[in-house]
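Trainee: Going down the list, the sequences are from chains A and B. Under our numbering, think of the first position of the first sequence as 8, with each following residue one higher. Under our numbering, think of the first position of the second sequence as 33, with each following residue one higher. Glycine included, each C-beta is placed from N, C-alpha and C at the ideal position.
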Amino acid sequence: GAGVSQSPSNKVTEKGKDVELRCDPISGHTALYWYRQSLGQGLEFLIYFQGNSAPDKSGLPSDRFSAERTGGSVSTLTIQRTQQEDSAVYLCASSLVVQGNQPQHFGDGTRLSIL
Amino acid sequence: DAKTTQPPSMDCAEGRAANLPCNHSTISGNEYVYWYRQIHSQGPQYIIHGLKNNETNEMASLIITEDRKSSTLILPHATLRDTAVYYCIVRVAYSGAGSYQLTFGKGTKLSVIP
Numbered sequence: 008g009a010g011v012s013q014s015p016s017n018k019v020t021e022k023g024k025d026v027e028l029r030c031d032p033i034s035g036h037t038a039l040y041w042y043r044q045s046l047g048q049g050l051e052f053l054i055y056f057q058g059n060s061a062p063d064k065s066g067l068p069s070d071r072f073s074a075e076r077t078g079g080s081v082s083t084l085t086i087q088r089t090q091q092e093d094s095a096v097y098l099c100a101s102s103l104v105v106q107g108n109q110p111q112h113f114g115d116g117t118r119l120s121i122l
Numbered sequence: 033d034a035k036t037t038q039p040p041s042m043d044c045a046e047g048r049a050a051n052l053p054c055n056h057s058t059i060s061g062n063e064y065v066y067w068y069r070q071i072h073s074q075g076p077q078y079i080i081h082g083l084k085n086n087e088t089n090e091m092a093s094l095i096i097t098e099d100r101k102s103s104t105l106i107l108p109h110a111t112l113r114d115t116a117v118y119y120c121i122v123r124v125a126y127s128g129a130g131s132y133q134l135t136f137g138k139g140t141k142l143s144v145i146p
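1. Can you give me the start and stop residues for the beta strand (DSSP E) that B/S131 sits inside?
2. What do you reckon, are the CB atoms on B/T104 and B/V144 nearer than 9 Å?
3. Any idea what DSSP makes of B/Q38, helix, strand or coil?
4. Taking 6 Å as the limit between beta carbons, can you name the residues of its chain near A/T85, skipping five residues before and five after?
5. Counting only beta-carbon separations shorter than 9 Å, does A/V105 have a partner in chain B?
6. Using a C-beta to C-beta distance shorter than 7 Å, which residues of chain A count as neighbours of B/Q74?
7. Could you compute how far the alpha carbon of A/R29 sits from the alpha carbon of A/G10?
8. Mind checking whether B/L52 and B/Y118 have CB atoms under 9 Å apart?
9. Select from the segment 48-63 of chain A all residues with a C-beta closer than 8 Å to any C-beta belonging to chain B, and list them in chain order.
10. Relative to the alpha-carbon of B/T115, which residue among B/Q74, B/E98, B/T36 has its alpha-carbon at the smallest distance?
11. Using the three-state DSSP reduction, which class does A/D25 fall into: helix, strand or coil?
12. Determine the DSSP secondary structure at B/E46, reduced to helix, strand or coil.
13. Under 9 Å between C-beta atoms, does B/Q38 make it to chain A?
14. Hey, is A/V81's beta-carbon within less than 9 Å of any beta-carbon in chain B?
15. Residue range of the beta strand (DSSP E) that A/S14 falls in?
16. Can you say whether A/D93 is buried or exposed, counting buried as having 16 or more other CB atoms within 10 angstroms of its CB?
17. Compare the Cα-Cα distances from A/N59 to each of A/Q87, A/S69, A/V104, A/N17 and report the closest residue.
Dropping the structure here:
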C-alpha cells in the first residue's frame, strides 16, 4: 500500500520567507509525528498529533514553527520568517495508533535549504 | 529508553546473509527492540521489532537472546540495495507523553559488496 507521502521533496528559499511542508500519512493511521534531521545529526522530535486530542508541541524549537492536522489526516508544518539554522530534512511519520508497540513509518522527508 | 551499542560499520558480500548485532544489556522487561534503516537521501525505514521471541517478516529476521541483553538482525540474502545505516532502538510501548519520540543512535553502516 501507499506509504507516508511528503511534499515538496526539496525546497530552497530565501531567509525571512515563510514555508509550508505537507505530510500525507498512511491511510487509517491516527498518529502523526514531525521530526527534523540535520546533516549528520540524529532525529529531533518536533510535534505529535493523535486523533482529535490536543497535539504535543513540546519539540517545536520556536514560535516561528507551527503545525496543523486537518480532518485527522493531512498535516502541514509551517515555518515563518525562516532562518539559516532551519535548514534540515523535515521528516513526517505515522503509526496506526500511538498506544502499544506500533512502529512509526516515515516518509522520505522535505529537504529544506535556507539561503 | 535503554541505550544500545552497535558496531559503526560492517561489510557483507552480495547474496550472503548480513548479521547485524546490537547490545542492549540494560533493557527492561517492558522494552521492545526495534530496527530501522536509512538509505542515503531517504527517510528511515521500519524493518522489524520484537519483545522476547524471535521474529521474521518479508524483510528480515530478528533474533533476541534469552536474557534479552542482545539481538541480531539478519538480512538473509543481502543485495546492493541493502547498503544503508541500520539503527537498533530499545523503547517501551507507549506510556504517556514523550514516550513515542524516537531517538536514533549512530547505528551500523552496512556496505554490501558486489
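Mentor: Inspection of the coordinates gives the following:
1. Per DSSP, B/S131 belongs to no beta strand (DSSP E) and is neither H nor E.
2. No, they are not a contact pair.
3. Look at B/Q38 here: in three-state DSSP terms it is coil, with no helix or strand label.
4. The answer, listed in chain order, is E27, S73.
5. For A/V105, at least one C-beta of chain B is nearer than 9 Å to its own C-beta.
6. Among the residues of chain A, those whose CB is under 7 Å from the CB of B/Q74 are D115, following chain order.
7. So the two alpha carbons sit approximately 14 Å from each other.
8. In this structure, B/Y118 lies closer than 9 Å to B/L52 by Cβ.
9. Under the 8 Å Cβ criterion, the segment 48-63 of chain A contributes G49, L50, F52, Y55, D63.
10. Ranking B/Q74, B/E98, B/T36 by Cα distance to B/T115 puts B/Q74 first.
11. If DSSP states are grouped into helix, strand and coil, A/D25 belongs with coil.
12. The answer is coil: DSSP assigns B/E46 none of H, G, I, E or B.
13. It does not: the Cβ of B/Q38 has no partner Cβ on chain A nearer than 9 Å.
14. It does not: the Cβ of A/V81 has no partner Cβ on chain B nearer than 9 Å.
15. For A/S14, the uninterrupted beta strand (DSSP E) run begins and ends at 12-14, by DSSP.
16. With 16 or more Cβ atoms within 10 Å of its Cβ, A/D93 is classed as buried.
17. Here the closest residue by C-alpha is A/V104.
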